[in-house]
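Notes follow once the structure below has been shown.
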Amino acid sequence: MTDDLLARHHAVLPAWMPIYYGDEAIEIVSGAGRHVTDASGRTYLDFFGGVLTNMIGYDVPEIRDAVERQLRTGVVHTSTLYLIRQQVELAEKIARVSGIPDARVFFTNSGTEANEAALLMATNIRRSNQILAIKNSYHGRSFGTMAVTGHRSWSASSLNPVQVSWLPSGDRIRGRMAGLADGDQLDVAVEELRETLATVTAGDVAALIAEPIQGVGGFVHAPDGMLGAYKKVLDETGILLIADEVQTGWGRTGEHFWGYQAHGVVPDLITFAKGIGNGFALGGVVGRAEVINAVPAISFSTFGGNPVSAAAGNAVLDYVLSHDLQGNAQRAGTILLDGLRAVAGSSPIVAEVRGRGLMLAVEFVRPGTTEPDAAATVRVFEECRKNGLLVGKGGLYNNVLRMGPPLTLTEDEARTGLAALTEAIRTVTAESL
Numbered sequence: 002m003t004d005d006l007l008a009r010h011h012a013v014l015p016a017w018m019p020i021y022y023g024d025e026a027i028e029i030v031s032g033a034g035r036h037v038t039d040a041s042g043r044t045y046l047d048f049f050g051g052v053l054t055n056m057i058g059y060d061v062p063e064i065r066d067a068v069e070r071q072l073r074t075g076v077v078h079t080s081t082l083y084l085i086r087q088q089v090e091l092a093e094k095i096a097r098v099s100g101i102p103d104a105r106v107f108f109t110n111s112g113t114e115a116n117e118a119a120l121l122m123a124t125n126i127r128r129s130n131q132i133l134a135i136k137n138s139y140h141g142r143s144f145g146t147m148a149v150t151g152h153r154s155w156s157a158s159s160l161n162p163v164q165v166s167w168l169p170s171g172d173r174i175r176g177r178m179a180g181l182a183d184g185d186q187l188d189v190a191v192e193e194l195r196e197t198l199a200t201v202t203a204g205d206v207a208a209l210i211a212e213p214i215q216g217v218g219g220f221v222h223a224p225d226g227m228l229g230a231y232k233k234v235l236d237e238t239g240i241l242l243i244a245d246e247v248q249t250g251w252g253r254t255g256e257h258f259w260g261y262q263a264h265g266v267v268p269d270l271i272t273f274a275k276g277i278g279n280g281f282a283l284g285g286v287v288g289r290a291e292v293i294n295a296v297p298a299i300s301f302s303t304f305g306g307n308p309v310s311a312a313a314g315n316a317v318l319d320y321v322l323s324h325d326l327q328g329n330a331q332r333a334g335t336i337l338l339d340g341l342r343a344v345a346g347s348s349p350i351v352a353e354v355r356g357r358g359l360m361l362a363v364e365f366v367r368p369g370t371t372e373p374d375a376a377a378t379v380r381v382f383e384e385c386r387k388n389g390l391l392v393g394k395g396g397l398y399n400n401v402l403r404m405g406p407p408l409t410l411t412e413d414e415a416r417t418g419l420a421a422l423t424e425a426i427r428t429v430t431a432e433s434l
């Protein structure tokens with residue numbers, strides 16, 4: 002059945018849509034908790050959660066009940082031309098937890114749309130199409146967000162509506178920041194920002210858009226305080242800060258509810274998506290009223306924040322807060338991070354283990370070098386599947402395993418996943434020597 006479905010997939014869907022596991026692609030047909038089952042009946046522990054989207058896991062009664070209550074009303078959609086109670090209630094909650102005073106919220110269907118909306122707001126209030134972005138970043142697949150994506154594999158066109166100036170990523174292995182201590186990274190980053198503003202920008206700049214931890218880029222992140230150091234410079238001329246929290250929000254990093262909170266700064270705009278819908282299409286922007294209200298024309302989102310998705314979002318956020326999932330991410334993530342670092346110490350193919358909370362990555366290289374080894378990464382990726390564990394891939398050179406388990410992951414499940422990862426890394430390490 003899956004083989005037939007794979008052939009049908011290739012016959013009608015675009016060739017540029019990647020699909021994991023090649024000729025052995027799996028169809029996930031059911032799920033419960035942190036586990037999913039494929040069409041052949043095999044069950045896996047899921048450490049990727051639909052690309053960090055199934056944040057509470059699968060078949061969660063509280064979310065299912067909230068959605069079913071809304072469906073029973075017979076109202077799936079009305080548009081924002083009418084009042085939507087679920088949307089207003091969710092906006093109130095997000096405004097409260099955002100950390101932004103007098104915040105406003107605009108809902109979309111995805112992270113791409115959320116970032117596109119943030120760019121629209123920032124460029125309007127600043128009357129400028131100039132944007133600062135970070136190398137190795139990913140912000141979406143639309144015309145505007147692709148322009149501020151610093152990751153060639155995901156940049157399908159050089160055509161774009163904004164003028165972009167690039168700042169270095171926090172990559173400690175390669176590039177401008179390689180080998181630098183945290184304090185030195187901060188100093189160099191500020192110097193680079195000042196030089197960029199002085200040399201390759203003209204007049205006012207609208208905003209800097211940055212992921213606190215780069216998602217598609219392989220969970221690379223700068224030292225704590227980097228965005229705060231940038232913001233001091235930005236504030237000198239009124240440049241806005243957009244924090245792309247599509248992957249880092251809602252407590253995933255463990256130490257903080259939002260990734261930006263590690264940097265001693267409050268953004269002007271925060272974009273969110275993925276986990277807040279736990280699989281339902283839901284994203285948005287929360288930010289200062291002055292900035293969000295700067296859009297001068299009538300606009301709305303036909304499906305963004307619709308009654309069903311908003312009902313799911315309310316249930317998700319209530320669950321996150323009432324079950325201390327931020328604390329759980331810290332506890333379960335520490336088990337994984339400590340365990341993976343111990344394995345890395347004895348594996349010459351592992352260049353770095355990084356991340357925070359339940360947002361973790363392992364970067365693979367050829368033994369004794371910093372040369373990316375995408376082939377070894379694929380082998381570890383495949384071994385994980387053989388061991389009953391689903392993980393993701395990414396990084397600028399496709400040599401990084403990415404893991405974003407549901408925030409409900411238990412400590413026992415963390416240890417089970419760690420054992421599968423450890424076995425996979427040791428198997429491929431032995432093959433590589």
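Count along the sequence shown starting at 1, add 1, and that's the number in this note's numbering.
Built from N, CA and C at the ideal position, the CB exists for glycine as well.
Because the structure is a prediction, the values reported are computed rather than measured.
* May I ask which residues mark the beginning and end of the alpha helix (DSSP H) holding T109? => Boundaries around T109 are those of the beta strand (DSSP E), A104 to T109, since no alpha helix (DSSP H) includes it.
* To do: Assuming I95 contacts V287 (C-beta within less than 8 Å), just tell me the rounded distance between them.
  => Indeed, because the Cβ distance is near 5 Å, the residues count as touching under 8 Å.
* Could I get the ranges of all uninterrupted beta strand (DSSP E) runs contained in the region 16-54, with 3 residues as the minimum, in chain order? => Within the region 16-54, the complete beta strand (DSSP E) runs of at least 3 residues are 29-33, 36-39 and 44-47.
* Looking only at C-alpha atoms, which of G314, S138 and A26 sits nearest to Q71? -> Minimum Cα distance to Q71 is reached at G314.
* Host alpha helix (DSSP H) of D185 (start-end) -> Note, D185: alpha helix (DSSP H), D183 to T200.
* Asked: Out of curiosity, what's the CA-to-CA distance linking Y139 and V77?
  -> The alpha-carbon atoms of Y139 and V77 are separated by roughly 32 Å.
* With a threshold of 16 other CB atoms inside 10 Å of the CB of R357, please say whether the residue is buried or exposed. => By the 10 Å Cβ count, R357 comes out buried.
* Determine the burial state of K275: buried for a count of at least 16 other Cβ atoms within 10 Å of its Cβ, exposed for fewer. => Answer is buried; the Cβ neighbour count reaches 16.
* Using 8 Å as the Cβ pair cut-off and three pairs as the minimum, do the region 241-251 and the region 207-227 touch? -> Contact between the region 241-251 and the region 207-227 is present: three or more C-beta pairs spanning the two stretches fall below 8 Å.
* To do: Could you check which residue in M360, R105, A352 and D39 has the C-alpha nearest to that of D374?
  => Nearest option by C-alpha distance: A352.
* Distance between E114 and A412 (C-alpha atoms, nearest Å) -> In the sequence under discussion, the amino acid at residue 412 is Glu, which differs from the Ala named in the question. Cα-Cα distance, rounded: 35 Å.
* Cβ neighbour criterion (16 or more within 10 Å) applied to P224 -> Here P224 is buried, its C-beta having at least 16 other C-beta atoms within 10 Å.
* To do: Taking D47 and V37 to be in contact with their CB atoms under 8 Å, please state how far apart those CB atoms are, rounded to whole angstroms.
  => Sure, about 5 Å apart at Cβ, within 8 Å.
* To do: Return no unless some Cβ of chain C is closer than 8 Å to the Cβ of D339.
  => Any reference to chain C falls outside this structure, which holds one protein chain only.
* In angstroms, rounded to a whole number, what distance separates the CA positions of N125 and P297? -> Going by the C-alpha atoms only, they are around 8 Å apart.
* Asked: Using DSSP with H/G/I as helix, E/B as strand and the rest coil, what is G288?
  -> In this structure, G288 counts as strand in the three-state DSSP scheme.
* Hey, how far is the Cα of A190 from the Cα of L422? -> When rounded, the distance between both Cα atoms is 34 Å.
* To do: Would you grab the beta carbon distance between M360 and R253 for me? Rounded to a whole angstrom, and I think it's under 8 Å.
  => At roughly 5 Å, the Cβ-Cβ gap stays under 8 Å, so M360 and R253 are in contact.
* Asked: Taking one C-beta from the region 397-409 and one from the region 326-336 each time, how about it: are there three or more such pairs within less than 8 Å?
  -> Judged by Cβ distances under 8 Å, the region 397-409 makes contact with the region 326-336, as three or more pairs qualify.
* Asked: Taking the continuous beta strand (DSSP E) assigned at T272, which residues delimit it?
  -> T272 -> beta strand (DSSP E) spans L270 to F273.
* Give me the Cα-Cα distance between S433 and G389, rounded to the nearest whole angstrom. => The straight-line gap from Cα to Cα measures roughly 22 Å.
* Chain-order list of residues whose beta-carbon lies under 6 Å from that of W251 (same chain, five-residue window excluded) -> The residues are G276 and V321.
* Start and end residues, beta strand (DSSP E) containing L361 -> Where L361 is concerned, the enclosing beta strand (DSSP E) stretches over M360 to F365.
* Buried or exposed for M2, please, with buried defined as at least 16 other CB atoms from any protein chain shown within 10 angstroms of its CB. => With a pLDDT of 47 at M2, under the threshold of 50, the predicted position of this residue should be treated as unreliable, and no value is reported.
* To which residues does DSSP link G356 through a beta bridge? -> Beta-bridge pairing links G356 to L361.
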